[in-house]
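In the numbering used here, the protein residues as written are 21 to 293.
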């Protein structure tokens, strides 16, 4: 796991192969501390990914699987119009380096859907629209030159049993002569619906009322809130989730009988009960 965090990808690999992964790499000690708590049998290397020598680390052992989840923030549309960091966007090239040095049988790469638009940026750090995707195709061809068959798809997590609508780009590169096999959808059908936000919420946690805050609200504010509660809460038998603040605050409310949207470190969702 070359960009190890909490260990979710490593857990998936462990479920698939029946054993823990061998090596986890990240420059962030806190990230690897969490990974180590979840995967104590793994060797953890606190190092910049470019500072790790694949040949030295693998010590002659064959590599079955390499997982790459390079930083996605400088591809994601969630970053808006802010400048992109060319260096961070280039982290995915580490997959080609490992392909050349130790030839993993299978390389997985996960990122946001905008990864396919990977291309040059201008002097101000903004992607050059007419060159969108050029670097991505260079990356694919570089893997192919190393003898890899390369395929990619966009998959939605809720279609495979995770209670989130999170959509992600997945690339698979394989050099062992076996076919690339994509998973079959398991959820989202009439016989097997998607898992919901409701099953992830601990309903035993008390939900304090906005009227119980330490600093009293203005009377006019209380009247507006009361009207909203009557309309959307008292006359609505089902709890629901709303976005709060910025872009999320402009999204329509969503019921708890659906999968939850992508959750970030920012508190941008509120449960109304």
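Glycine is no exception: its CB is placed at the ideal position from the N, C-alpha and C atoms.
Whole-angstrom distance between residue j and residue i, CA atom to CA atom
i, j, result
"residue 146", "residue 154", "15 angstroms"
"residue 62", "residue 31", "11 angstroms"
"residue 247", "residue 239", "12 angstroms"
"residue 163", "residue 235", "60 angstroms"
"residue 215", "residue 253", "24 angstroms"
"residue 198", "residue 103", "41 angstroms"
"residue 72", "residue 233", "52 angstroms"
"residue 49", "residue 288", "27 angstroms"
"residue 204", "residue 180", "8 angstroms"
"residue 250", "residue 227", "17 angstroms"
"residue 119", "residue 26", "25 angstroms"
"residue 255", "residue 33", "46 angstroms"
Supposed close pair residue i, residue j - CB separation, criterion 8 angstroms
i, j, result
"residue 258", "residue 275", "6 angstroms"
"residue 280", "residue 213", "At roughly 14 angstroms, the Cβ-Cβ gap does not stay under 8 angstroms, so residue 280 and residue 213 are not in contact."
Chain-order list of residues whose beta-carbon lies under 8 angstroms from that of residue i (same chain, five-residue window excluded)
i, result
"residue 190", "128, 129, 130, 172, 173, 174 and 175"
"residue 101", "146"
"residue 39", "none"
"residue 54", "25, 26 and 27"
"residue 111", "23, 69, 90 and 91"
Beta-bridge pairing of residue i - partner residues as DSSP gives them
i, result
"residue 45", "65"
"residue 169", "194"
"residue 131", "189"
"residue 86", "127"
"residue 147", "141"
"residue 292", "260"
"residue 175", "188"
"residue 280", "184"
Spatial neighbours of residue i in its chain, beta-carbon cut-off 6 angstroms, leaving aside the 5 residues before and after
i, result
"residue 282", "186"
"residue 121", "74 and 75"
Own chain partners of residue i with C-beta closer than 7 angstroms, once the 5 adjacent residues on each side are dropped
i, result
"residue 208", "178, 179 and 214"
Worksheet entry | Sufficient close CB pairs (3 or more, under 8 angstroms) joining the stretch 209 to 225 to the stretch 140 to 154 | Put simply, the stretch 209 to 225 does not touch the stretch 140 to 154. Fewer than three CB pairs are less than 8 angstroms apart.
Worksheet item: Does the stretch 126 to 136 come close enough to the stretch 172 to 190 that 3 or more CB-CB pairs lie under 8 angstroms?
Response: Short answer: they touch.
Discussion item. Check whether the stretch 46 to 66 and the stretch 101 to 117 are in contact - that is, three or more C-beta pairs closer than 8 angstroms.
Written reply: With the cut-off at 8 angstroms, the stretch 46 to 66 and the stretch 101 to 117 do not touch.
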